[in-house]
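Here the structure is laid out as structure tokens; the discussion comes afterwards.
Residue numbers (our numbering): 4 to 544.
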């Protein structure tokens, strides 16, 4: 590059006005010529291979400019814009988000407070993932409003850019996806790095199982410990070839060019991620792929597939798709995430003299377990302005202080509130009487063993519990003391104990909170706005 520009007629102006980045190139070029001579000849094959790749990319870029192919230019420049952060995260093994740095993030909470205000929490993470996935595979341009700009969703977005999909944004929650159709994905040049996102890894495994190219899915340290056999095993039964690390853990290596056949799968444990993975694989399989769940789980995938024009047959607990169809671009308006709203629902319920309104909250019937459980405990939650947007029910929620009672949580509500149980444990600790949870073994294979980690955190604050293999028993009415809690880098653990401070007798310190950005960027600001006395040490979350 330096040699070429040095030969240009305007070389004086080029070097006079060049920015710092180009000057870095000149410093490299100014190093010992003999050294570069030896490096290039000693690594002849590798250097030629990279030059061939670069030349090919330059030819494509030149062709796009010459023909006025704006979509190709957008694809190249949007991918290039994201490259620095993306590869920095890959090299450091961190989760994927701008404001998550090498620093340890600690939350400091002062006790007490009243929760008041009128807020909207960020967009639904489940729907944000799926809007990018289906928009990329659709024919036409999909526009998404309310996209969650958290690390999990950004990892999904970047992975599709790495497979040749042009994606504009995100900009204030707006994303424009130029779909490539069901068979338009390109082979990525390296592993697809998914940060801390278990959802992305499980859904991508199904989507990539029938692609014509090989692929590899990797993640950060936390994700690399999570079991993926629950999706790999049924996909293998469909004909996929998938290699995992020991114990069925990432990285996952997926062999391309496999012909999948539809199967019927009875899920041993209710999981929306496993169901969605198999339905996505079923889009490419011969025949019908059907999944029966032992208990109802969230149905965002089924609803959104219908929204993109792909029929999903539902018969009781079974969802089925027939392979070989197509997806058509759609407009998506992502509602506020009820899982994020849950922290504030509990906060306003347990803090004295509280009155909080949460706007535009997704009220999908497969997600409202947290509201059902809190209401059974005696919470004062009003559902206002109910409406349907893009096939998804939405409402405003007003929640006020209430005297909660312990309950035996109905087993049929467990899959409907699986992500909200950490903060529901806080509600149980503040309630009068005993709360019993059963049938929630799924909590043990989340970002942490959420049953044990929550029990340990409550114990650190003076609240004794009884842990069972599939749940927990919490006797409410115990005094929550101040203390130090280990979050084990689990975002929902961090935010749950932040809520506990509202009823604590002393300050609470929560370690390893950087991953709050996984699902709830801006949590600290909203917590402060509503009355939670929180401060951070380290990078902001």
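C-beta atoms are modelled at their ideal positions from N, C-alpha and C, and glycine is treated no differently.
In the assembly as shown, residue 390 is an exposed residue. Its beta-carbon has fewer than 16 other beta-carbons within 10 Å. Secondary structure remark: continuous beta strand (DSSP E) runs of at least 3 residues inside the stretch 100-179, in chain order: 109-112, 119-122, 142-148, 169-174. Annotation for residue 167: 189 place their beta carbon closer than 6 Å to its own, counting only its chain and skipping 5 residues before and after.
Beta-bridge partners assigned by DSSP to residue 334: 146.
Per DSSP, residue 64 is one residue of the alpha helix (DSSP H) stretching across 47-70.
When the beta-carbon positions are compared, residue 218 and residue 211 come within less than 7 Å of each other.
With at least 16 other beta carbons inside 10 angstroms of its own, residue 279 counts as buried. Secondary structure at residue 237: helix, using DSSP grouped into helix, strand and coil.
Residue pairing by DSSP places residue 486 opposite 511 in a beta bridge. Excluding residues up to 5 positions away in sequence, 431, 434, 435, 436, 437, 438, 479 lie with their Cβ nearer than 7 Å to the Cβ of residue 409 in the same chain. Counting C-beta pairs closer than 8 Å gives three or more between the stretch 354-367 and the stretch 120-127, which meets the contact rule. Straight through space, the alpha carbons of residue 138 and residue 77 are spaced by roughly 16 Å. Annotation: residue 199 is outside any beta strand (DSSP E) and is labelled neither H nor E by DSSP.
Burial of residue 507 is indicated by the presence of at least 16 other C-beta atoms within 10 angstroms of its C-beta.
A distance of 7 Å or more separates the beta carbons of residue 243 and residue 214. Sequence-distant Cβ neighbours of residue 302 in its own chain, meaning closer than 6 Å and more than five residues away, are 369. Residue 114 and residue 443 have their C-alpha atoms spaced approximately 30 Å apart.
Residue environment: residue 61 is assigned as exposed (fewer than 16 neighbouring CB atoms within 10 Å of its CB, all protein chains considered). Sixteen is the threshold: when 16 or more other Cβ atoms of the shown chains lie within 10 Å of the Cβ of residue 205, as they do, the residue is buried. In this structure, DSSP gives residue 538 an extended state, which the three-state scheme calls strand.
When C-alpha distances from residue 290 are compared across 319, 320, 306, 328, the shortest belongs to 328. Residue state for residue 400 is assigned as strand, using DSSP reduced to three classes. In this structure residue 145 touches residue 182 by the C-beta definition: roughly 6 Å separates them, less than 8 Å. Around the CB of residue 229, 16 or more other CB atoms lie within 10 Å, so the residue is classed as buried.
Look at residue 300 here: in three-state DSSP terms it is coil, with no helix or strand label. Within the stretch 434-491, the complete alpha helix (DSSP H) runs of at least 4 residues fall at 453-463. The alpha helix (DSSP H) runs lying completely inside the stretch 315-378 and spanning 4 residues or more are 341-353, given in chain order.
In the three-state DSSP reduction, residue 36 falls in the helix class (H, G or I). Straight-line measurement puts the Cα of residue 256 at about 31 Å from the Cα of residue 342. For residue 37, the number of other beta carbons within 10 angstroms of its own is below 16, and it is reported as exposed. Secondary structure note for residue 218: its beta strand (DSSP E) is the uninterrupted segment 218-221.
In the structure shown, the three-state DSSP call for residue 310 is helix.
Each of 193, 163, 143 was checked against the Cα of residue 184, and the nearest Cα belongs to 143. Contact between residue 453 and residue 394 is ruled out by a C-beta separation of about 30 Å, above the 8 Å threshold. Looking at the backbone, the Cα of residue 535 and that of residue 340 are separated by about 20 Å.
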